[in-house]
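J.: Before we start, here is the structure in question, set down as structure tokens.
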Amino acid sequence: MSADLTWQIIRKNNCFIRRQKGIQKHFSVEPFNIRGINSKRFNGLICKKAMDIAPPKDGKGIVVSLKVPGIVA
Numbered sequence: 001m002s003a004d005l006t007w008q009i010i011r012k013n014n015c016f017i018r019r020q021k022g023i024q025k026h027f028s029v030e031p032f033n034i035r036g037i038n039s040k041r042f043n044g045l046i047c048k049k050a051m052d053i054a055p056p057k058d059g060k061g062i063v064v065s066l067k068v069p070g071i072v073a
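Spelled out as structure tokens, the structure:
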């Protein structure tokens, strides 16, 4: 499925969107969305190349994940 079609399907309603009263901009918490903005440019679900930063399970340091086209982990 193309990125444009996927964005049209998920842009207004998906489980990663966070809405707050009084704020018109919607935020997103999906993986590989570093900025947390609900837009096609920063969406981690449809980008072919992306990066994610998360805390590790033991709480020491950071975990950097890269999404690279053609590689399935």
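Sequential numbering from 1 applies to the sequence shown in UniProt numbering. From the three backbone atoms N, C-alpha and C, an ideal C-beta is built for every residue, glycine too.
Which residue from Arg11, Ala50, Phe16 puts its Cα closest to that of isoleucine 71?
T.: Counting from one through the sequence shown, the residue named residue 71 turns up at place 71. The candidate whose alpha carbon is nearest that of isoleucine 71 is Ala50.
J.: What do you get for asparagine 13, buried or exposed, if any count of 16 or more other CB atoms within 10 angstroms of its CB means buried?
T.: Start at 1 with the first residue of the sequence shown, and residue 13 comes out as number 13. The residue in question, asparagine 13, is exposed, as its Cβ has fewer than 16 Cβ neighbours within 10 Å.
J.: In chain order, what residues of the same chain lie with their CB nearer than 6 Å to the CB of glutamate 30, ignoring the 5 residues before and after it?
T.: Here residue 30 corresponds to residue number 30 of the sequence shown, with the count starting at 1. Cβ neighbours of glutamate 30 beyond the five flanking positions: Phe16, Gly44, Leu45.
J.: I'd like the span of the beta strand (DSSP E) that includes isoleucine 9, first residue to last.
T.: Here residue 9 refers to the residue found at position 9 of the sequence shown. No beta strand (DSSP E) holds isoleucine 9; the alpha helix (DSSP H) holding it covers 3-10.
J.: State the CB to CB distance for the pair isoleucine 10 and isoleucine 34, rounded to an integer number of angstroms; the pair is presumed to be in contact (CB under 8 Å).
T.: In the sequence shown, the residue the question calls residue 10 occupies position 10. In the sequence shown, the residue the question calls residue 34 occupies position 34. No, isoleucine 10 and isoleucine 34 are not in contact; Cβ-Cβ is about 18 Å, not under 8 Å.
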